[in-house]
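Let me begin by presenting the structure, written as structure tokens, before commenting on it.
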Amino acid sequence: MSSPHVLVFPFMAKGHAIPLLQLTRFLLRHSATVTLVTTPGNRPFICHCLSDTTATIIDIPFPQDVQGIPPGVESTDKLPDISLWLDLATATKLMQPHFEQMLESLPPISFMITDFFLSWTLDSANKFSIPRLPFYPMGIFAFLLPRLVSQKRFFKEDEGIKIVDFPWIRLKIEDFDPVFIDPEGVKGTRAYDFTLEAVKATSKSYGIVVNSFYELESVFSDFWNTNIGPPVWCFGPLPLAEPPKIKQANYQTPWWISWLDHMHEEGKSVLYVAFGTQAEISPTQFREIQTGLEESGVNFVWVVRNNGTQIEEMFEERVRNRGIVVREWVDQREILEHESVRGFLCHCGWSSLMEGICAKVPILALPLMWEQPLNAKLVVEVAGIGLRVERDDGLAKAAKELMEGKAGEEVRKKVEKIGSAAARAVKEGGSSWKALNRLISELHGAHCTLGTEI
Numbered sequence: 001m002s003s004p005h006v007l008v009f010p011f012m013a014k015g016h017a018i019p020l021l022q023l024t025r026f027l028l029r030h031s032a033t034v035t036l037v038t039t040p041g042n043r044p045f046i047c048h049c050l051s052d053t054t055a056t057i058i059d060i061p062f063p064q065d066v067q068g069i070p071p072g073v074e075s076t077d078k079l080p081d082i083s084l085w086l087d088l089a090t091a092t093k094l095m096q097p098h099f100e101q102m103l104e105s106l107p108p109i110s111f112m113i114t115d116f117f118l119s120w121t122l123d124s125a126n127k128f129s130i131p132r133l134p135f136y137p138m139g140i141f142a143f144l145l146p147r148l149v150s151q152k153r154f155f156k157e158d159e160g161i162k163i164v165d166f167p168w169i170r171l172k173i174e175d176f177d178p179v180f181i182d183p184e185g186v187k188g189t190r191a192y193d194f195t196l197e198a199v200k201a202t203s204k205s206y207g208i209v210v211n212s213f214y215e216l217e218s219v220f221s222d223f224w225n226t227n228i229g230p231p232v233w234c235f236g237p238l239p240l241a242e243p244p245k246i247k248q249a250n251y252q253t254p255w256w257i258s259w260l261d262h263m264h265e266e267g268k269s270v271l272y273v274a275f276g277t278q279a280e281i282s283p284t285q286f287r288e289i290q291t292g293l294e295e296s297g298v299n300f301v302w303v304v305r306n307n308g309t310q311i312e313e314m315f316e317e318r319v320r321n322r323g324i325v326v327r328e329w330v331d332q333r334e335i336l337e338h339e340s341v342r343g344f345l346c347h348c349g350w351s352s353l354m355e356g357i358c359a360k361v362p363i364l365a366l367p368l369m370w371e372q373p374l375n376a377k378l379v380v381e382v383a384g385i386g387l388r389v390e391r392d393d394g395l396a397k398a399a400k401e402l403m404e405g406k407a408g409e410e411v412r413k414k415v416e417k418i419g420s421a422a423a424r425a426v427k428e429g430g431s432s433w434k435a436l437n438r439l440i441s442e443l444h445g446a447h448c449t450l451g452t453e454i
């Protein structure tokens, strides 16, 4: 029997695209033929990431003269303001005619995996009788709980709310986007309509693909599949689908890696601090992070986006014996896997959490927006693989506890176990490996060859 042909279509944002590029590798390991759809402006990045694979990359035009989007901008990281993401996401619907022309020209497609934001691809999939599965760049927990809240399956208490189906999880109203808590207050807004359309398309799709693994979210996966649907498929953690990077002969060790090497030689542990490429940090939050790191006394590497935010003069001089600030692009996975790195202070973006778990590094959670408070809740209170920065106690105390305290030791033991489970999940015979086999069997035929190990 011929190999399955899978079409993959990422949204034009690094945080959405990178997991789907990793999933492309996972599909190829299962003997699938993969066609990946992108735009001319995103093609160089996609080609660079998949240059050592057999994936076919096809680009279709991104619409021009879109109100609010500067000419030539085709991805969120190029937007002058991240608040314009909705304009860019909405504009993708204008790509539908070109997308369908491309579908007509391709060999038969077994199924397509398209980003949750690209809800219009469901109509195209239905026209060509192709099963469509949306990719959610988050864990199951973060879209299950809002769904239950929107169905009023919660009751209020003095200090927050409890979900009827999971009363052991402590939650607060502010953990949720207003669209779920108070839909009447946001109904009719562009963001509400866009989200509603995407959710409706999901409900009519064949299933949902997530960058997670069953061992991390088994309770929530089982609940969703039993009570809600369509079926959720855990194919992660996807960072482990990528092979280890081979250093070229002309490779030069970045100065921050040399600094980490030095710290390791001295037997010192380091806290890695990074808040992703999209998270908006206010000047007040920025100052609090700076003050907390200085007062904590812990060793740290702080990666700062070059977005005009200024670090206080003399800060780097005051901490120069135990901390560095990096203003360049870094290979986050390389840093997290460094032997000296023993903690990760982050915004709880899902991709960052997956990378931390894969590296078996405990999380210090400082969620900023979107579903990040729920991600933090899962990491800290459900999985027990991290600590949270509390407003009353501040960053300094939390960082010191994670790096030197008893609570830090406890979460470090747990992240070792869950990190090992993550590694097993994507290996042959693991939960994510078998899940992808099942999907291919359902949609391509039970007798096809189902994968080879790296």
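Under full-length UniProt numbering, think of the first position of the sequence shown as 1, with each following residue one higher. All C-beta atoms, glycine included, are put in the ideal place defined by N, C-alpha and C.
| Query | Result |
| --- | --- |
| Spatial neighbours of A214 in its chain, beta-carbon cut-off 8 Å, leaving aside the 5 residues before and after | Residue identity differs from the one stated: residue 214 is Tyr in this sequence, not Ala. S221, C234, A425, S431, S432 and A435. |
| Start and end residues, alpha helix (DSSP H) containing A198 | R190 to S203 |
| Proximity below 7 Å, CB of F26 to CB of A241 | yes |
| Enclosing alpha helix (DSSP H) for I289 [first to last residue] | P283 to S296 |
| Whole-Å CB distance - G323 paired with P362, under 8 Å assumed | The pair is not a contact, with the Cβ atoms about 19 Å apart (cut-off 8 Å). |
| Close beta carbons around D87, own chain, < 6 Å, minus the five adjacent residues each side | G68 and I69 |
| Runs of alpha helix (DSSP H) wholly within the segment 197-244 (minimum 4 residues, chain order) | 214-227 |
| Given F11 as reference, the closest of P4, H5 and L21 once Cα atoms are compared | L21 |
| Straight-line gap, S75 to V219 (C-alpha atoms, nearest Å) | 35 Å |
| Below-7 Å beta-carbon distance, V219 vs any chain E residue | Note that chain E does not occur in the displayed structure, where there is just one protein chain. |
| Residue burial classification, Y136 (beta-carbon count within 10 angstroms, cutoff 16) | buried |
| For A274, three-class secondary structure by DSSP | coil |
| The segment 200-213 touching the segment 223-230, judged by at least three CB pairs closer than 8 Å | yes |
| Boundaries of the beta strand (DSSP E) in which C346 is found, first to last residue | V341 to C346 |
| Extent of the continuous beta strand (DSSP E) to which E157 belongs | F154 to E157 |
| Contact under 7 Å by Cβ, G292 with A383 | no |
| S150 to K400 span [Cα, whole Å] | 38 Å |
| Beta strand (DSSP E) segment containing A365, residue limits | I363 to A365 |
| Separation of P63 from M95, as counted between CA atoms | 7 Å |
| Beta-carbon proximity check, L238 vs L23, cutoff 7 Å | yes |
| 6 Å CB neighbourhood of M138 in its chain, flanking five on each side removed | W350 and E371 |
| Check whether V411 and A398 have beta carbons under 7 Å apart | no |
| Buried or exposed by the 16-neighbour rule on C-beta atoms within 10 Å, applied to W256 | buried |
| Bounding residues of the alpha helix (DSSP H) (the contiguous stretch that carries H48) | R43 to C49 |
| Three-state class that DSSP yields for L171 in the structure shown | strand |
| From A17, V66 and K377, residue whose alpha carbon lies closest to that of L50 | A17 |
| Meets three-Cβ-pair contact criterion under 8 Å: the segment 157-170 and the segment 75-85 | no |
| Own chain, CB closer than 7 Å to W224, minus 5 neighbours either side, in chain order | I140, L144 and V232 |
| For D81, three-class secondary structure by DSSP | coil |
| Where H16 falls: helix, strand or coil (DSSP) | helix |
| Nearest neighbour of residue 455, chosen from F275, E217 and L148 [CA to CA] | Since the first and last residues shown for the chain are 1 and 454, residue 455 lies out of range. |
| Assigned secondary structure, D115 (DSSP; H/G/I helix, E/B strand, else coil) | strand |
| Alpha-carbon to alpha-carbon, A142 and K204 | 20 Å |
| Other residues of its chain near A279: CB distance less than 6 Å, five sequence neighbours each side excluded | H347 and L368 |
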